[in-house]
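Protein chains in written order, with this note's numbering: chain A, 955 to 1502; chain B, 17 to 207; chain C, 2 to 183.
Where is the CB? At the ideal position from N, CA and C, for every residue including glycine.
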Amino acid sequence: MRTLHQFNGGIHPPDNKAQSTQRSIARAPLPSKLIIPFRQHAGEAAKPIVRAGDHVLKGQLIGMPVGSISSAVHAPTSGTIAAIAVQPIAHPSGLPDLCATLIPDGKEEWIPHAAVDHRNSDPAELRQHLRMSGVVGLGGAVFPSDIKLRPGNQKIKTLILNGAECEPYITCDDMLMRERAAEIVQGAAMLCFMLEAGEVLIGIEDNKPQAIAAMQRAVADSGLPFEVVAVPTIYPGGSAKQLIRVLTGLEVPSGKLPTDIGVQCFNVATSYSVYRALAHGEPLLSRIITITGNVRQAQNFEVLLGTPVQDLVALGEALPDTDRYIMGGPMMGLPLSSTAIPLAKASNCIIAVSDKLFPPAPPALPCIRCSRCAQACPADLQPMDLFWFAQSREFDKAQQFSLFDCIECGACSYVCPSHIPLVQYYQFAKSEIRAHGHDQQAADHARERHEFREYRFEREKQEKAERLAAREQAAKQAQPAVPSINPADTMQQKIQAAIARAREQAAASKPKNTENFTAQQQAEIAEIEARRAHIHELAKSADEPSKE
Amino acid sequence: MTEYLLILIGAVFVNNIVMVKILGLCPFMGVSRKLETSLGMGLATTFVLTLASGASYLINEYLLGPELSYLTTLSFIVVIAGIVQFTEMVIQKTSPVLHQVLGIYLPLITTNCAVLGIPLLNVQAKHNFMESVFFGMGGALGFTLVMVLFAGMRERMEGADVPGIFKGSAIAMVTAGLMSLSFMGFSGLIK
Amino acid sequence: MLSALLVMAGIAIVLGAVLGFSAVKFRVEGSPLVDKIDAILPQTQCGQCGYPGCRPYATAIAAGEADINRCPPGGEEGIHKLADLLGVEFKPFGGGTVLKPKSVAFIDENLCIGCTLCFQACPVDAIAGAAKQMHTIITSECTGCELCVAPCPVDCISMKLIGENIANWKWKYPVYTLAQAK
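Here's what the structure looks like:
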């Protein structure tokens, strides 16, 4: 029996998962229109490689990854691209983003695809394959999985599969584990092979007994030495850092990653996608999404990416008094502004909400410093101090109090007796600090460029002076010795040499008056004078604008 | 040995120069907005006061003697001014930011009534050399302690929901008054 | 009387010697404070403060010649930072200061004549071009200082606002409407 550890804080909201686990996963019918965002993952958005009017096959690449942190985007079904345009997407800002609108032709014609033998492939090639298959973390963070498989400076002792699914209402991972446990285990084997991990632990909350049993059966059938561990049900026990703490007792240090302590964590749905990508060559085209809440038929559906929310809501049969929808769970979910928004890789659940189901929050009252939030915080932070600092905009102090270790789980606002929406303050403070960081970087960069520009001007002036001096020197050497002085006189020669040196040094500023020029020399000197005057003019006009 | 310790504790808590004797309020109110600067100011004052107590004792005892006792205040001020100038130069060299932040308050240590008050109190109490130095050091440590505590509170009050009329110096004064009340709890600690 | 004079003179001489010695030993060259002020300023080199660039303004602040509220691109936040660094009171912008939103320059290529006057004016070399060649703004380098707009003889440079997009969007300060008391 493995000893489990605990983390401080956490809350026990009612599960509300039974409603959506009565039926098995159903395949959602093909929608009439798919809106596929090019930014479905953390990092840089994918670049479109198709145009309006193109015919695409199922699984065809339509967006190339850009930069090191990026992933590919594919057509979830065969059809015609109607438009590449900016459309509303699921984002807290409500701002639209670039999407491809795909009209399915109903044929579901696959692009030719083949399995990859992961045991006999170069690890870098496997990662590239996963990147081009659009495999990202399906636990909510949608971080490109190929980057998490890169070798780090520490050996990975423990690979954890996250089947905890701690947020109420969401049951997509639960159903996936019940029905497709074998594929998840195979995916875990592939991940373990790629990471060269020492052991594999599958963490599942103990409110999912069927899922635990199914995974245990699958592990036993596969003969692999993986361990299925039932962890106590507590929110947010499914957060990566918290699950690592519970299963291994190790704490991920502030500002560091799990790989720095030899642990890596993947969601069970990600493991399933890795299996499909490598064993079948299928890119990530669909995912399991729960529709629950104020609906007649709460259920999990396998939904093509890009399906508009209204299609899923229609399948769940929302009740008439539903007036709003949440994408995600009740703790960390995003309120949707419209149901035309497409479902993407990050969407795990749609909750139909009515005022009866989720009564509106009472008005926020002043903070009474009761410290219930600090007791509930799973990251051992001081939420009330972070709230005070965010409120008074003292962002330096907030950073000192480890604001960026906040996982925005919402446990603090859940327990707050004054109903203060604490997480919104932290999100505000974090984005202000990040924006300031960007501004600072831009300012430093601008300073560098400005200083180089000033240096370049100095250098140009220097070079001009040297060029003029060289020309003066050449003109001077061509003319005869200064008249009325005997060149054989050593003293006079010394004086001459001194005068010549002085002239070279003062060449740029003083025009010279000498006698006894030949016509050719006069012409040369006249040319030099003219050119010098012109250069002076240009130098003057270059100075003037910066004086404004 | 014990009486030096008692003098030290007495100077820090029982006869705290800011909270009980109400001396040195100018830098106390002026520099205590941030924790780092108040610590720097406190340490600078400690340095000045310890040296000044020792030097003023020596001057009073050996140079001035009983006939020239009317020069006490004058010579103390001169010595303090010299030591403060020296401290300012050292701070400017070692920490230009602290020097810029303390700004005018650094040379104002010269006119800090606490820094003149402690040597005069030493004369009044007829302390010997070691007692003078310990009293001076204790007084300055008490000053530093109170500055740091007050700065911590002022930083917290920055973000607090203070009514508009009281924001800034007003609430700081009220807080200082309450702190002074609390320091009365130490009276009777040392016989 | 004489002893009093001697004593005071003695103290004065000794102190003077100590101070003179330490003045030499603890001499401070340069002014690292200027660097610290310059690090806070936004480096748009726009000249709105009245000084020809950010560094001259930083030098003036350090010398006590300039007020800290002369820099609109730094915003109120910049003034707060300067106030914190220098330990002075925060001072809001004076009347008549126009706070402009962030924008970048844009050259209308139909009108550009390739005269090179704009990139001579740009303090951060954000304009690419050469004599009689098309000029263009390198948008990622442009700080929005607007120094290029005036020298252009054909008025082909305009300032375009950087709107809010997913990349630069920030969470807003939480404002919630209080329910009416029933």
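Going by DSSP, which residues form a beta bridge with residue i?
i	result
G1033/A	V1010/A and P1058/A
G1157/A	N1116/A and V1183/A
V1257/A	R1241/A
R1278/A	V1307/A
Q1041/A	D1051/A
C1219/A	I1114/A
H1028/A	L1015/A
L1288/A	M1281/A
V89/C	For V89/C, which the question treats as bridged, DSSP gives no partner whatsoever.
Assign residue i to buried or exposed, taking buried as 16 or more other Cβ atoms, counted over all protein chains shown, within 10 Å of its Cβ.
i	result
Y73/B	buried
H1488/A	exposed
Y1409/A	exposed
Q1416/A	exposed
V25/C	exposed
G201/B	exposed
M135/C	exposed
F182/B	exposed
Y58/C	buried
N962/A	exposed
V47/B	buried
S1032/A	buried
V15/C	exposed
N70/C	buried
S974/A	buried
V1206/A	buried
S1/C	Any question about residue 1/C goes unanswered here, given that chain C covers just 2 to 183.
Y174/C	exposed
G11/C	exposed
G100/B	One point to set straight first is that residue 100/B is Val, not Gly, in the sequence displayed. It counts as buried.
Q1476/A	exposed
Determine the contact status of residue i and residue j, defining contact as a CB-CB distance below 9 angstroms.
i	j	result
D1100/A	Q1082/A	yes
D1160/A	P1186/A	yes
G1106/A	D1214/A	yes
S1208/A	S1385/A	no
T103/B	V139/B	no
L87/C	G119/B	yes
A941/A	D1359/A	Outside the shown range of chain A, which is 955 to 1502, sits residue 941/A, and nothing can be said about it.
F107/C	I139/C	no
C143/C	A127/C	yes
N1116/A	A1165/A	no
A1306/A	N1221/A	no
G1282/A	I1124/A	yes
I1387/A	A1352/A	yes
A1400/A	T60/C	no
With a threshold of 9 angstroms between beta-carbons, can residue i be considered close to chain C, or not?
i	result
S1500/A	For S1500/A, the predicted model reports a pLDDT of 45, less than 50, meaning its position is unreliable; a value from the coordinates is still stated below. Chain C contact via Cβ: present.
D1277/A	no
S91/B	yes
F159/B	no
L124/B	no
E136/B	It is Leu, not Glu, that sits at residue 136/B in the sequence shown. So, not an interface residue.
Should residue i be flagged as near chain B, meaning a C-beta pair shorter than 9 angstroms?
i	result
K1384/A	no
L86/C	yes
P175/C	no
G11/C	yes
V8/C	yes
S4/C	yes
Does any residue of chain A have a CB that is nearer than 9 angstroms to the CB of residue i?
i	result
V125/C	yes
query = For the stretch 166-180 of chain B, which residues have a CB atom closer than 9 angstroms to at least one CB atom of chain A, in sequence order?
reply = Of all residues in the stretch 166-180 of chain B, only E171, R172, E174, G175, A176 and D177 come within less than 9 angstroms of chain A when Cβ atoms are compared, listed by chain position.
query = Taking a cut of 9 angstroms between CB atoms, which residues from the stretch 1296-1321 of chain A lie near chain B?
reply = The stretch 1296-1321 of chain A vs chain B, Cβ under 9 angstroms: P1320 and C1321.
request  = Note down, in chain order, all residues in the stretch 138-169 of chain C with a beta-carbon under 8 angstroms from any beta-carbon belonging to chain A.
outcome  = Of all residues in the stretch 138-169 of chain C, those with a C-beta nearer than 8 angstroms to a C-beta of chain A are E142, T144, L148, A151, P152, E165, N166, I167 and N169, reading in chain order.
ask   = Which of the residues in the stretch 13-45 of chain C, read from start to end, lie with their CB under 7 angstroms from any CB of chain B?
value = So the close ones are A13, L16, V19, L20, S23, A24, F27, V29, P33, L34 and K37.
request  = Name, going along the chain, the residues of the stretch 1344-1363 of chain A whose beta-carbon falls closer than 7 angstroms to a beta-carbon of chain B.
outcome  = Result list: Q1345, S1346 and E1348.
query = Can you list, in chain order, the residues of the stretch 51-67 of chain C whose Cβ is nearer than 7 angstroms to any Cβ on chain B?
reply = Under the 7 angstroms Cβ criterion, the stretch 51-67 of chain C contributes no residue.
message = Against chain C, which members of the stretch 1047-1069 of chain A pass a CB distance test of less than 8 angstroms?
response = Cβ contacts with chain C: S1047, L1049 and D1051.
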